[in-house]
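For the working numbering, count along the sequence shown from 1 and bump the result up by 5.
The beta-carbon is built from N, C-alpha and C at its ideal position, and this holds for glycine as well.
Down below is the structure, laid out as structure tokens.
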Amino acid sequence: MKDSLLEFSPGYVSGLFDRMSATYGKVNLVSSFGFAHFWRATCLKSLAVEPRHKCADLMCGMAEMTTLLKQVNGVSVDAFDFSAGMCEGAKRAVARNGWNDVTISQGDVLLLPSDARYDRVAVTFGLKTLAPDQLNRFAQILFGILATEGKVSLVEIYVPRARLLRLPYLFYLRWIIPAVGRLFLGNPDCYRSLAVYTENFARTENFAAMLKSVGFTVSTRPLFYGCAKLYLAEK
């Protein structure tokens, strides 16, 4: 697929997710056959969250990961997303659950306050929308906001390396998911853009090396035969 749809400016990407905000949760769940939820649950398990931990949910979307973090009693969560539409959905989730120790903030994760400190940080399905220089900056920011002995877990949609799975997966990514997007949104272009971001990230990423270069101890693992990838970074 051509990279003509690749655009990494914060204004463009936040606008893209604003347009998808009404349907993103449903399309993400349906198009991943429910695996998106299980991959977030894997992210949570890898973090080994404990009561009284202060957590951050970066690129929080509709607060799906925040909802999982709040399964641990006594955990507080600061959630960030630069899409106004996504933040509104996240705020509705907070209000619906009556959480008074969760904050939702609209803002760019590359501009997080330097004095913020978290015991655990979760990032799900947002890495692909960052350009290489932004990913390098993000790695530095993650190291800076993490408390000593803290953990960061990141999950991103990936492209399987095995040819027998890769080719049908790419067809699904390029054509079926945009069709699902058309069904829910009436326009497949936003979800077609996500396919381009996913392919580009899988083709060019060296994020684990970036995390190591700033001082993290890093481990990675493929999820469901390489359809997603988990990064665990420890300080």
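Check: Is the beta carbon of C84 less than 8 Å from the beta carbon of R122?; Outcome: Here the sequence assigns Ala to residue 84, which means Cys is not the residue at that position. No, they are not a contact pair.
Check: Hey, how far is the Cα of K59 from the Cα of V80?; Outcome: 6 Å
Check: Beta carbon of C232, beta carbon of T129: below 8 Å?; Outcome: no
Check: Between E93, T72, M215, W104, which lies nearest to S110 when the distance is taken from Cα to Cα?; Outcome: E93
Check: Helix, strand or coil for A28, going by three-state DSSP, please let me know.; Outcome: Here the sequence assigns Thr to residue 28, which means Ala is not the residue at that position. Reduced to three states, the DSSP call for T28 is coil.
Check: Helix, strand or coil, according to DSSP, for E69 in the structure here?; Outcome: helix
Check: Out of A214, Y230, A41, F229, which has the shortest C-alpha to C-alpha gap to A238?; Outcome: A214
Check: Starting from the C-beta of A41, find all residues in its chain whose C-beta is less than 7 Å away, skip the five residues before and the five after it, and write them out in chain order.; Outcome: N33, L34
Check: Per the contact definition of three or more C-beta pairs closer than 8 Å, is the region 140–149 in contact with the region 174–183?; Outcome: no
Check: Would you call the region 13–21 in contact with the region 162–177, where contact means no fewer than 3 C-beta pairs closer than 8 Å?; Outcome: no
Check: Beta-carbon within less than 6 Å of M70's beta-carbon, same chain only, minus the 5 sequence neighbours each way: which residues are those?; Outcome: R45, D62, A127, T129
Check: Does N211 pass the burial test, meaning 16 or more other C-beta atoms within 10 Å, or should it be called exposed?; Outcome: exposed
Check: Using the beta-carbon count (16 or more within 10 Å), is N205 buried or exposed?; Outcome: buried
Check: Would you say L115 and L132 are within 8 Å of each other, going by their C-beta atoms?; Outcome: no
Check: Around the Cβ of K234, are there at least 16 other Cβ atoms within 10 angstroms (buried) or fewer (exposed)?; Outcome: buried
Check: Only counting the same chain, and skipping five residues up and downstream in sequence, which positions put a Cβ closer than 6 Å to that of G155?; Outcome: D124, K240
Check: Jot down the residue ranges of each uninterrupted alpha helix (DSSP H) in the region 116–145, minimum 4 residues, whole runs only, in chain order.; Outcome: none
Check: Go ahead and pull the three-state DSSP assignment for F85.; Outcome: strand
Check: Can you find the residues in the same chain that come closer than 6 Å, C-beta to C-beta, to T134, ignoring five residues on each side of it along the sequence?; Outcome: V18, Y202
Check: Could you say which of G90, L52, Y230 lies nearest to Q76 if we only look at CA atoms?; Outcome: L52
Check: Note down the Cα distance separating P227 from V82, rounded to an integer number of angstroms.; Outcome: 27 Å
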